[in-house]
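Numbering (the numbering used here), first residue to last: 497 to 943.
Don't be surprised by glycine CBs; every beta carbon is placed ideally from N, CA and C.
Here the structure is a predicted model, which means the values were calculated and not measured.
Following: one structure in structure tokens, then a few remarks.
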Ligand SMILES: Nc1nc2c(ncn2[C@@H]2O[C@H](COP(=O)(O)OP(=O)(O)OP(=O)(O)O)[C@@H](O)[C@H]2O)c(=O)[nH]1
Ligand SMILES: [Mg+2]
């Protein structure tokens, strides 16, 4: 459901390329796309609005980090805001002992499976868990739980003859205590839709067993409907947490964001498959990455922050402004880009670009450029105009390339220098035209 967010973000953020400072104007469109994407992914309009406002506050006025595209920097900010939003409230389970957990949710959301999964997990954490089949409407549900309990070696209680759910709850607690269990998990019945009878029944059970946790088991693939369900359950039962199931497969976890934002109930666990082992404590940062679908943009930005020396970058910018930028500086820039990995791997980490192929041999071209500059003497790098035919041949031999490549590089560099001088002389418009003209010709790799 968040695929569209990824695509739209990718598009909107691509338009930010070349922007030096993130401003209200140049961000407006991108943020509008973020909002639209959130809305179309069934996020409540208030949540979407507040979220975008928060991101905007952080983004506007930030200098663009050297070495990352402004769009990527925005992705990082969106990511961090998502983590904050998803992570508010504790995602830890109550530490009470004995621990009593009530599982509620719609039909087929994964209550019975999650009951066994949670039992298994708590057993690993040193508890002696006991699971209770309190679904009196489907005998098969009780059998299902019993099989899972056997398989995971958990205590088990059910009363197949009783229709009195609260009484079953009380009897189960007695049985659990007698068996020396210190954790009881109640699996309850679901309905196709939330209805008054179901809520009434669970409310009574809740009153009788006084659980430490009331966990709503919600199908992660549901959209807006999941939010309504969660709201209704929360109003009736004061939920203490959520278990989002079926986050394996294509689900992007959009429901997670909506439910969490609307109800304020923290997500505590996620189900990622049919097996009892497919169950994890919830991690806001992983979920944020999943919702964004931004591959590794976030780590790319972090890497760039680490790798690219801010001071160094400022010095470069100053040189560029004064038109003192020479091939030596250019080489240093190339090497900075290289620290991020190959051009293709850098591209892969960018939103919307992962499928894009660099023109054949872009990395090779970059390597050639580097080799050419390295074959020059410091004097030549500083004053390329002294490079006559024989020097160029020597450099080509040294770099293992053809002399035309050396000529090409020098020509492009000359054009760039011209532009820098124009810029220095205030001919910004003229420079823009020049740049437009150059764009078609490939320009410098890595610039
Ligand atoms: N892929 C996947 N399937 C799951 C997950 N959790 C549960 N299921 C499957 O979803 C189906 C329903 O799961 P149950 O645990 O029976 O759901 P329930 O909420 O107890 O259903 P009722 O008792 O009928 O209300 C089963 O086929 C489970 O195997 C999950 O995290 N991933
Ligand atoms: Mg069930």
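Cβ-heavy atom distance, residue i to ligand 1, below 8 angstroms
i, result
"residue 697", "no"
"residue 602", "yes"
"residue 744", "yes"
"residue 954", "The first residue shown for the chain is 497 and the last is 943, placing residue 954 beyond what the model contains."
"residue 896", "no"
"residue 708", "no"
"residue 676", "no"
"residue 767", "yes"
Coil, strand or helix - residue i by DSSP
i, result
"residue 666", "helix"
"residue 912", "helix"
"residue 876", "helix"
"residue 917", "helix"
"residue 894", "helix"
"residue 693", "helix"
"residue 814", "helix"
"residue 728", "helix"
"residue 517", "strand"
"residue 630", "strand"
"residue 760", "coil"
"residue 684", "strand"
"residue 772", "coil"
"residue 703", "helix"
"residue 940", "Here residue 940 scores only 43 on pLDDT, less than 50, and its place in the model is too uncertain to base an answer on."
"residue 460", "Absent from the model: residue 460. The displayed extent of the chain is 497 to 943, so no value can be given."
"residue 782", "helix"
Member of the options whose CA lies at the smallest distance from the CA of residue i
i, options, result
"residue 734", "889, 725 and 742", "725"
"residue 784", "521, 580, 522 and 548", "580"
"residue 863", "710, 902 and 521", "902"
"residue 675", "526, 559, 687 and 627", "627"
"residue 686", "631, 593 and 655", "631"
"residue 673", "625, 714, 635 and 646", "625"
"residue 664", "629, 552, 646 and 544", "629"
"residue 774", "556, 741, 763 and 715", "741"
Bridge-paired residues (DSSP) for residue i
i, result
"residue 777", "765"
"residue 740", "714 and 766"
"residue 625", "679"
"residue 651", "626"
"residue 559", "517"
"residue 709", "597"
Proximity test, residue i beta-carbon vs ligand 2 heavy atom, cut-off 8 angstroms
i, result
"residue 634", "yes"
"residue 715", "no"
"residue 598", "no"
"residue 686", "yes"
"residue 641", "yes"
"residue 607", "yes"
"residue 637", "yes"
"residue 683", "yes"
Enumerated in chain order, which unbroken segments of the beta strand (DSSP E) with a length of 3 residues or greater are wholly contained in the stretch 564 to 606? Fully enclosed beta strand (DSSP E) runs of 3 or longer: 595 to 600.
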